[in-house]
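Respectively, the protein sequence lines represent chains A and B.
All the letters of the first sequence, read from the start, carry residue numbers 1 to 429 under our numbering.
All the letters of the second sequence, read from the start, carry residue numbers 430 to 858 under our numbering.
Ideal placement from N, C-alpha and C gives every residue a C-beta, glycine not left out.
Being a predicted model, the structure only gives us computed values, none of them experimental.
2 protein chains.
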Amino acid sequence: MKEGSIYKPRAISGYPEWLPEYRAVELSWLDSIRKVFESFGYCSIETPAVEELQVLTSKGESSDKEIYCISRLNGEEKNAELGLHYDLTVPFARYVAQHYNDLDFPFKRYQMQKVWRGERPQEGRFREFYQCDVDVVNHESLPLFFDIEIATIMYQALLSLPLGPLDIKLSNRKILEGFLAGLKIENPNEAIRVLDKLDKIGVDGVYKILNQSLSEEQSKQCLELAKIQSNNFVKEVTNLGVKNDTLSQGLDELSEVFSALDQKSFSIDLSIARGFDYYSGTIFEAKLKNYPHFSTVAAGGRYDKLASSFIKQDLPGIGMSIGLTRIFSKLLAEGKIEAKAKSPTQVLVSWLEADQKEKVQKISEKLRAKGINVEAYHCVDKLKKQIKYADRKGISYIIFPASSLNPKDEVKNMQTGEQTSIDIENWTI
Amino acid sequence: MKEGSIYKPRAISGYPEWLPEYRAVELSWLDSIRKVFESFGYCSIETPAVEELQVLTSKGESSDKEIYCISRLNGEEKNAELGLHYDLTVPFARYVAQHYNDLDFPFKRYQMQKVWRGERPQEGRFREFYQCDVDVVNHESLPLFFDIEIATIMYQALLSLPLGPLDIKLSNRKILEGFLAGLKIENPNEAIRVLDKLDKIGVDGVYKILNQSLSEEQSKQCLELAKIQSNNFVKEVTNLGVKNDTLSQGLDELSEVFSALDQKSFSIDLSIARGFDYYSGTIFEAKLKNYPHFSTVAAGGRYDKLASSFIKQDLPGIGMSIGLTRIFSKLLAEGKIEAKAKSPTQVLVSWLEADQKEKVQKISEKLRAKGINVEAYHCVDKLKKQIKYADRKGISYIIFPASSLNPKDEVKNMQTGEQTSIDIENWTI
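Take a look at the structure:
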């Protein structure tokens, strides 16, 4: 670029960024979620943005297209072996395998980081976005206790955000798999993928596709199962007359998990399958009741082998992921995010006369020592201008240090307009 | 990768990642720094990891080599126009220019994010690392008040970390520049760059290089100035007999700023120049007294035109950056980082008998509602095993819900070993 010329920067499609008053909201969401995660004793880890391509592609070809590789702009060295992570599950699996001997099991971790995907941007899809993940893995086996815990954490984390009512669907992959096995269906994954679309393409649509490879009876039975959304699911499934051990185990597990969860927000839906082949037990997905057509905002489930690409040990686990940026940008677009103040400042200390300089600093320091966020006004200025400044930045209190105008220190409450004299040593917000 | 084969992942050179007990320390550092930034009323912003290459290279050719470009692994679309940011200053400048009409000035922001540089990794150099930046910019002019504030924030942020004594050097670019102009030196930037190396190559080394392009008298005078490190700097500089308006202004500014700062930790050093050509006034850099040979850990200064590549308006500002990862990894390597507990759990609720299940959950929920981080033990297990679990994870308290063994709920303090009966409703840590 030539010296002195101006390049007008543009927003880059798919890479959201917020103004301070909305970033403050996003930050408070991140804080809330972290608080819930930690309240259940999950520890923070952070992995680099970058992984070896061999690690990123270990799950198979389906995700390759979405990976961003990195390379040096003027680099002599070839460096196309690295890419940005596209989720937090693969890095977590790699982390557990790599640090296996240094971790304590069951290993309970959370991870809140940005991920990158080379997708074509569209509503609700981003190329850079936050995910907030919680997972627990153990050697060999992991009690059903954690299925309940992870579903509860997801629920409470979402509840800590102003999202309105939630609609969380719950199922267990063993039910679908066992049922299909009981029906002697040879390609269960294909049928599962179709049934997972029930709420998108409807009963007739699903039947049509199923019937291309399954018998009428099989297709009908599959649909009957997938339609079950009742608390009475054990009886309803049993009434369909299919017998299979995996199916029975799935029903037992789902009963135990469901009965332990808040039944106002969780409901049974035997059609959900959470796409990915690696889920093997409990699964759940959350939507916002106010936006039934908007995609899933958080989801998770149980898997048998977390890190099977990287380590021989079986590491069963259960986890979930909240699509923070997706939710945030949706509510922002719907006008449902109330902007916060443009700054974290709680108190402005005004500066009206030149000789107040030291006093302004002293008061500011004293209040900061009490844990209050304080701005000292940055120059001698007119009263009106300083009040306007506090107003614009959403600052709640202005303190007027003693001066020729007011013999005592005073505080103005910006909301009520009330102004009273105070003793700084004892005053707090 | 073939199904079923194992790929043993390796650490990627230059991309640090920590075990949970050290990540907990890093997270507490990030929290501490954020708290200091917010206590002065600076707002958070976050910019995408990615910027247009035209934005990243706007500062000139010197930094091009360090930039990582991104491209889609299997992408048809050409996408080499984007790169990862290598600092937070360029993204900040771009942000201010792009959102100029939506921001309030003086605009006070902080930004704590990872940045990426395609450097050859070596001790204290990383390819991915955290920077913690604070800046304030204004239209047209910015009072000297903020020079003091930013230096104070840097000082307090560093002070909030367990770094031992600090050595912060302070100067003002106008002094060097005015002095050189007063000496009629034609290429001042070259001389400034050489003088900045005084503590590395010593008086003789600097003199030799200076004398290649300057007269003996000029070289000697430059060195005399650069050697000044005394609180009495105004008099010492004046005694050198060079007269120049910019020099006088620099001396006035430095006097005012220095007198307002904690003189135990700040000291004058007229040799420092902070390399970058864009600094134009106050400059400061911090080192750790315990590691005098270790590089600068935080630095900052005043600049005239933050976003001159992106916007016509003059935006003078002052800011500073803390190299968090660099400091953290240095102290870790020196064995000076005390690991935290492996989990944020404060209380473990034990589960010794099957029929305690509901009680364990209820107690856990009650304590979480009080803001305590609680793990419910995940299965019925031997007492010894549960105590060992708490011990390994660094959990401070174990609660034993009432059972056949203990008629009342009890708590064990893991540090003292003391065990007493409690009333859960009133108990807290």
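Taking DSSP as the reference, what is the three-state secondary structure of residue 133(A)?
Counting from one through the first sequence, the residue named residue 133(A) turns up at place 133. In the structure shown, residue 133(A) sits in a strand (DSSP, three-state: E or B).
Does the Cβ of residue 431(B) have 16 or more other Cβ atoms within 10 Å, making it buried, or fewer, making it exposed?
The residue labelled residue 431(B) in the question sits at position 2 within the second sequence. Caution applies to residue 431(B), whose pLDDT of 46 falls short of 50 and renders its modelled position unreliable; the value that the coordinates give is listed next. When all chains shown are included, residue 431(B) counts as exposed.
Got a sec: is the Cβ-Cβ distance from residue 446(B) to anything in chain A below 9 Å?
For the purposes of this step, residue 446(B) is taken as residue 17 along the second sequence, with counting starting at 1. Interface residue, yes.
Taking Cβ positions only, does residue 232(A) come closer than 9 Å to chain B?
What you label residue 232(A) is simply residue 232 of the first sequence in a count that begins at 1. Not one chain B Cβ lies under 9 Å of residue 232(A).
Check the Cβ of residue 373(A) against every Cβ in chain B and list those closer than 7 Å, keeping chain order.
Position 373 of the first sequence, counting from 1, holds the residue named residue 373(A). Within chain B, the residues near residue 373(A) are 467, 468 and 470.
I believe residue 567(B) touches residue 520(B) by the beta-carbon criterion, under 8 Å. Please report the beta-carbon distance rounded to the nearest angstrom.
In the second sequence, counting from the first residue as 1, residue 567(B) sits at position 138. In the second sequence, counting from the first residue as 1, residue 520(B) sits at position 91. Residue 567(B) to residue 520(B), Cβ: 19 Å. No contact.
According to DSSP, simplified to helix, strand and coil, what is residue 548(B)?
For the purposes of this step, residue 548(B) is identified with residue 119 of the second sequence, where counting begins at 1. Three-state result, residue 548(B): coil.
With distances taken Cα to Cα, identify the nearest neighbour of residue 366(A) among 12(A), 324(A) and 429(A).
Within the first sequence, numbered from 1, the residue matching residue 366(A) stands at position 366. Measuring from the Cα of residue 366(A), the nearest candidate turns out to be 429(A).
Report the option in 348(A), 224(A), 354(A) and 375(A) whose CA atom is closest to the CA atom of residue 410(A).
Position 410 of the first sequence, counted from the first residue, corresponds to residue 410(A). The candidate whose alpha carbon is nearest that of residue 410(A) is 348(A).
Just to make sure I have the definition right: I need the residues of chain A whose C-beta is within less than 9 Å of the C-beta of residue 651(B). Which are they?
Within the second sequence, residue 651(B) is the residue found at index 222, counting from 1. Those do not exist, as residue 651(B) stays about 27 Å from chain A at its closest Cβ, beyond 9 Å.
Give the straight-line distance between the Cα atoms of residue 243(A) and residue 182(A), rounded to the nearest whole angstrom.
Reading the first sequence from its first residue, position 243 is the one you call residue 243(A). Reading the first sequence from its first residue, position 182 is the one you call residue 182(A). Computed Cα separation, rounded: 6 Å.
Quick one, which residues of the stretch 384-400 of chain A are near chain B if we go by CB-CB under 9 Å, in chain order?
Hits within the stretch, in order: 389, 392, 393 and 395.
Just by C-beta distance, which residues in the stretch 223-257 of chain A are closer than 8 Å to chain B?
Those would be none; no residue qualifies.
Thinking just about the alpha-carbon of each residue, which of 161(A), 158(A) and 192(A) is nearest to the one in residue 174(A)?
On the first sequence, position 174 is the one that residue 174(A) refers to. The shortest C-alpha separation from residue 174(A) is found at 192(A).
Can you look up residue 671(B) in the DSSP assignment and give me helix, strand or coil?
Taking the second sequence and counting its residues from 1, the one referred to as residue 671(B) is at position 242. DSSP places residue 671(B) in coil when its eight states are reduced to three.
My assumption, with CB atoms under 8 Å, is that residue 67(A) sits in contact with residue 42(A). Please give the rounded CB distance.
Against the first sequence, residue 67(A) aligns to sequence position 67. Against the first sequence, residue 42(A) aligns to sequence position 42. With a Cβ gap of about 28 Å, residue 67(A) and residue 42(A) do not count as contacting.
Span of the alpha helix (DSSP H) holding residue 567(B)?
Translated into the one-based positions of the second sequence, residue 567(B) becomes position 138. Note, residue 567(B): premise wrong, no alpha helix (DSSP H); not H, not E.
Please classify residue 404(A) as buried or exposed, where buried requires at least 16 other C-beta atoms within 10 Å of its C-beta.
Here residue 404(A) refers to the residue found at position 404 of the first sequence. Classification for residue 404(A): exposed.
Can you tell me whether DSSP reads residue 268(A) as helix, strand or coil?
Stepping through the first sequence from its first residue, residue 268(A) is reached at position 268. Strand, per DSSP.
Taking DSSP's pairing of strands, which residues face residue 286(A) in a bridge?
Position 286 of the first sequence, counting from 1, holds the residue named residue 286(A). Answer is 168(A) and 298(A).
Looking at the C-beta of residue 591(B), does it have a partner C-beta in chain A at a distance below 9 Å?
In the second sequence, counting from the first residue as 1, residue 591(B) sits at position 162. Residue 591(B) does not count as touching chain A.
Counting Cβ pairs, one atom from each stretch, are 3 or more of them under 8 Å apart for the stretch 196-206 of chain A and the stretch 262-279 of chain A?
Flag = yes, the stretch 196-206 of chain A and the stretch 262-279 of chain A touch.
Between residue 850(B) and residue 829(B), what straight-line distance do the alpha-carbon atoms span, to the nearest angstrom?
Working through the second sequence from its first residue, we reach residue 850(B) at position 421. Working through the second sequence from its first residue, we reach residue 829(B) at position 400. Roughly 9 Å between the two C-alpha positions.
Round the Cβ separation of residue 690(B) and residue 580(B) to the nearest angstrom and send it over; I've been treating them as touching at under 8 Å.
Taking the first residue of the second sequence as position 1, residue 690(B) is located at position 261. Taking the first residue of the second sequence as position 1, residue 580(B) is located at position 151. Rounded, the Cβ-Cβ distance is 6 Å, consistent with contact.
Inspect the beta-carbon positions of residue 718(B) and residue 726(B) and report whether they are closer than 9 Å.
Position 289 of the second sequence, counted from the first residue, corresponds to residue 718(B). Position 297 of the second sequence, counted from the first residue, corresponds to residue 726(B). In this structure, residue 726(B) does not lie closer than 9 Å to residue 718(B) by Cβ.
Is residue 430(A) close to chain B, meaning its C-beta is less than 9 Å from at least one C-beta of that chain?
Not covered by the structure: residue 430(A). The range shown for chain A is 1 to 429.
Do you know offhand how far residue 684(B)'s Cα is from residue 598(B)'s?
The residue given as residue 684(B) occupies position 255 in the second sequence. The residue given as residue 598(B) occupies position 169 in the second sequence. Cα to Cα, residue 684(B) sits roughly 14 Å from residue 598(B).
Assuming contact is defined by CB atoms lying nearer than 9 Å, are residue 474(B) and residue 128(A) in contact in what I supplied?
For this step, residue 474(B) is matched to residue 45 along the second sequence. For this step, residue 128(A) is matched to residue 128 along the first sequence. For residue 474(B) and residue 128(A), no; Cβs fall outside 9 Å.
For a quick check, are the C-beta atoms of residue 380(A) and residue 345(A) less than 9 Å apart?
Looking up residue 380(A) in the first sequence gives position 380. Looking up residue 345(A) in the first sequence gives position 345. For residue 380(A) and residue 345(A), no; Cβs fall outside 9 Å.
Counting only beta-carbon atoms, is residue 293(A) nearer than 9 Å to chain B?
Position 293 of the first sequence, counted from the first residue, corresponds to residue 293(A). Residue 293(A) does not count as touching chain B.
Pull up the distance between the alpha-carbon of residue 184(A) and that of residue 234(A), whole angstroms please.
Taking the first sequence and counting its residues from 1, the one referred to as residue 184(A) is at position 184. Taking the first sequence and counting its residues from 1, the one referred to as residue 234(A) is at position 234. For residue 184(A) and residue 234(A), the distance between alpha carbons rounds to 21 Å.
In this structure, how does DSSP classify residue 90(A) when only helix, strand and coil are distinguished?
For this step, residue 90(A) is matched to residue 90 along the first sequence. Helix at residue 90(A).
Which of the three DSSP states, helix, strand or coil, is assigned to residue 205(A)?
As a first step, residue 205(A) must be located in the first sequence, where it is residue number 205. Here residue 205(A) sits in helix by DSSP.
Tell me the residue span of the beta strand (DSSP E) that contains residue 747(B).
For the purposes of this step, residue 747(B) is taken as the residue at position 318 of the second sequence. From DSSP, the beta strand (DSSP E) with residue 747(B) extends over 746-751.
Alpha carbon to alpha carbon, how far is residue 793(B) from residue 241(A)?
As a first step, residue 793(B) must be located in the second sequence, where it is residue number 364. As a first step, residue 241(A) must be located in the first sequence, where it is residue number 241. Distance between the alpha carbons of residue 793(B) and residue 241(A) is about 41 Å.
Just the Cα atoms here: how many angstroms apart are residue 847(B) and residue 781(B)?
Translated into positions along the second sequence, residue 847(B) becomes position 418. Translated into positions along the second sequence, residue 781(B) becomes position 352. The alpha-carbon atoms of residue 847(B) and residue 781(B) are separated by roughly 19 Å.
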